[in-house]
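A short worksheet on the structure shown next.
Numbering (the working numbering), first residue to last: -4 to 597.
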């Protein structure tokens, strides 16, 4: 079986929906009860943020052509006049000039003033919700205001919105019950494990996102944590040397070339074949860099042919926050597989000073083939609209070639699996067993029922018939290539699952699972090796883990050699305050490790 390689990575007011505004603007309005309300963050002067098209807008979602089950958001049920902080929100561009995005949707950009505690990030830096419940795609923002997109529409779209709203209002109790039944789980509760901290010396502040790797990079026989720079935390990669006993120290002696790395993801492999571990670092919006090491902490660049651009966001480099090292073409050398992080902001101002625009950015997958001499060759497949921050590599169809599964930030996209072809290209394969109208931020893989086939686990955020849910589904691989869905856990929230990891936590030889949600809560599932699980309560783990910071990445790795895996996790968040004064993720994030032992074994 192919080795599995993984790279992964809120509620304050009920939202109001307004029919007239939806019809005129073609913007969706969903529940914002799980969006983290923030006070204005300290953004650099002139800072901008990338975005994706709104997932809940009435315009067809990107990828809807391939996924006919994608349904427009509910239309509004009441009309109410809504004003921006500085007056009514305009319904058409003052100069009469509409812009067109990459999906053919008409829009213009307008400015909305920030009010303290009057807005919330629905998706950080990308989508904002006002206290009235309206949500907008964000083009750029600073300390005082947002520049947001206002979408236009036509009579047909207005009719479609109204029809969708009528259909949802007509949902019968029977329809609701039928959908709810698909989310029912048979997962019993358990409390067999005791989790204790194993994190002495790891940072308890800063935004540790998106991914990391656990590997022995200083060749002392103990596993280390390799991480890129924390978000807004400088440009130096971070390596924490482990002693196998829960102690860690940052490898300050390690030297790196003067490259302005940024947060993103990392991969570790012997890229140049000298017997020492090397690094691949993916930097948000900037591209990737390969660094070869000598085992003593001296790293140098070895990445000719891989794009990297220090600061110019208009340069069309492929950027990723989810990468993996894998011998893609079977030549014995590790290559780099990267999953696109999505749309990027073009900083060039538009004609007439209307603001910045978002370009297609990095979507789909990219493979960089290792030529063995410090040069790399790009390999792409057919254009793909999907993107996300998680990636897992495995031989899903048992043909001896590596395949991969990915997260998808496109709501309603049911193509997460990509199979390697004879020419070493790849082809996406959709599945009806994935939740309709869902966003999948996290994926994991493993043989959970010991039948020799690789199964898939997905963490989702869904909205069916007006009910928002967060959950974890196990998709058991069937002999004919299909999947059997088994719901493992679900809650009626919008927090989403942001990280997934598989491994043997309790040392019984069966694979277990850990999922981390948008509030940093750990969902632990103990497997029996037959495809069934119990949900481990472990209150001591929840007390330590519920930091109100998003869990961006997790790994289950045996750090101390006792045959059972430890849980390693990275958390991050901007820090915010709710209207009731509650603090959220005040530390900005942390790196945490927990050791699991059977109850009563101490």
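Beta carbons: idealized from backbone N, C-alpha and C, even for Gly.
Which two residues bound the contiguous beta strand (DSSP E) that contains residue i?
i, result
"residue 450", "450 to 459"
"residue 170", "It is not in any beta strand (DSSP E) - residue 170 instead sits in the alpha helix (DSSP H) that spans 168 to 176."
"residue 193", "Looking at the DSSP string, residue 193 is not in any beta strand (DSSP E), and its letter there is neither H nor E."
"residue 552", "545 to 552"
"residue 222", "219 to 222"
"residue 493", "492 to 498"
"residue 588", "584 to 593"
"residue 313", "Per DSSP, residue 313 belongs to no beta strand (DSSP E) and is neither H nor E."
What residues are listed by DSSP as bridge partners for residue i?
i, result
"residue 531", "185 and 519"
"residue 371", "365"
"residue 318", "333"
"residue 483", "For residue 483, which the question treats as bridged, DSSP gives no partner whatsoever."
"residue 303", "282"
"residue 469", "452 and 481"
"residue 210", "219"
"residue 298", "Partner(s): none; residue 298 has no beta bridge."
"residue 565", "548 and 586"
"residue 237", "243"
"residue 525", "Answer by DSSP bridge pairing: none, since residue 525 is not bridged."
"residue 274", "263 and 286"
"residue 511", "494 and 517"
"residue 463", "458"
"residue 226", "202"
"residue 360", "334"
"residue 324", "Answer is none; residue 324 lacks a bridge partner."
Taking the alpha carbon of residue i as the point to measure from, which residue in the options has its own alpha carbon closest?
i, options, result
"residue 174", "210, 432 and 284", "432"
"residue 114", "141, 105, 103 and 90", "141"
"residue 587", "594, 550, 581 and 296", "550"
"residue 415", "441, 456, 361 and 368", "361"
"residue 537", "283, 190 and 183", "190"
"residue 256", "544, 276, 237 and 319", "276"
"residue 466", "493, 450, 231 and 441", "493"
"residue 601", "222, 517 and 420", "No statement about residue 601 is possible, as the shown extent of the chain runs from -4 to 597 and does not include it."
"residue 478", "504, 369 and 409", "409"
"residue 384", "278, 316 and 238", "316"
"residue 558", "197, 506, 306 and 371", "506"
"residue 436", "400, 100, 199 and 224", "400"
"residue 219", "568, 561 and 531", "561"
"residue 422", "248, 394, 461 and 379", "379"
"residue 548", "248, 430 and 438", "438"
"residue 263", "319, 245, 397 and 241", "319"
"residue 582", "195, 124 and 567", "567"
"residue 366", "395, 338, 382 and 330", "330"
"residue 508", "451, 515, 535 and 472", "451"
"residue 525", "495, 123, 554 and 472", "472"
"residue 375", "391, 332, 407 and 386", "332"
"residue 102", "535, 110, 143 and 180", "143"
"residue 135", "395, 120, 458 and 241", "120"
"residue 369", "96, 335, 295 and 563", "295"
"residue 420", "428, 396 and 247", "396"
"residue 443", "463, 389, 339 and 527", "527"
"residue 259", "265, 207 and 267", "207"
"residue 289", "265, 446 and 565", "265"
"residue 503", "496, 292, 228 and 592", "592"
"residue 85", "138, 146 and 139", "146"
"residue 523", "501, 512, 513 and 511", "501"
If residue i sits next to residue j, beta carbons under 8 Å apart, how far is it from one beta carbon to the other, in whole angstroms?
i, j, result
"residue 424", "residue 412", "5 Å"
"residue 499", "residue 481", "Their Cβ separation, rounded to whole angstroms, is 19 Å, which puts residue 499 and residue 481 out of contact at 8 Å."
"residue 224", "residue 233", "7 Å"
"residue 283", "residue 303", "6 Å"
"residue 430", "residue 484", "The pair is not a contact, with the Cβ atoms about 13 Å apart (cut-off 8 Å)."
"residue 381", "residue 403", "5 Å"
"residue 186", "residue 532", "5 Å"
"residue 281", "residue 312", "7 Å"
"residue 212", "residue 272", "5 Å"
"residue 490", "residue 202", "In fact, because the Cβ distance is near 18 Å, the residues do not count as touching under 8 Å."
"residue 324", "residue 297", "Residue 324 to residue 297, Cβ: 19 Å. No contact."
"residue 122", "residue 555", "Between residue 555 and residue 122 the Cβ distance is about 42 Å, and since that is not below 8 Å, they are no contact."
At which residue ranges does the region 381 to 460 contain complete beta strand (DSSP E) runs of 3 or more residues, listed in the order of the chain? Every beta strand (DSSP E) stretch that sits fully inside the region 381 to 460 and reaches 3 residues is listed by chain position as 386 to 389, 398 to 401, 410 to 415, 421 to 425, 433 to 441 and 450 to 459.
Report the start-end ranges of each beta strand (DSSP E) in the region 240 to 269 that is 3 residues or longer and not cut off at the edges. Here the runs fully enclosed are 243 to 245 and 259 to 264.
3 or more residues per run - each beta strand (DSSP E) lying fully within the region 90 to 147: Fully enclosed beta strand (DSSP E) runs of 3 or longer: 101 to 108, 114 to 118, 122 to 125, 130 to 136 and 140 to 146.
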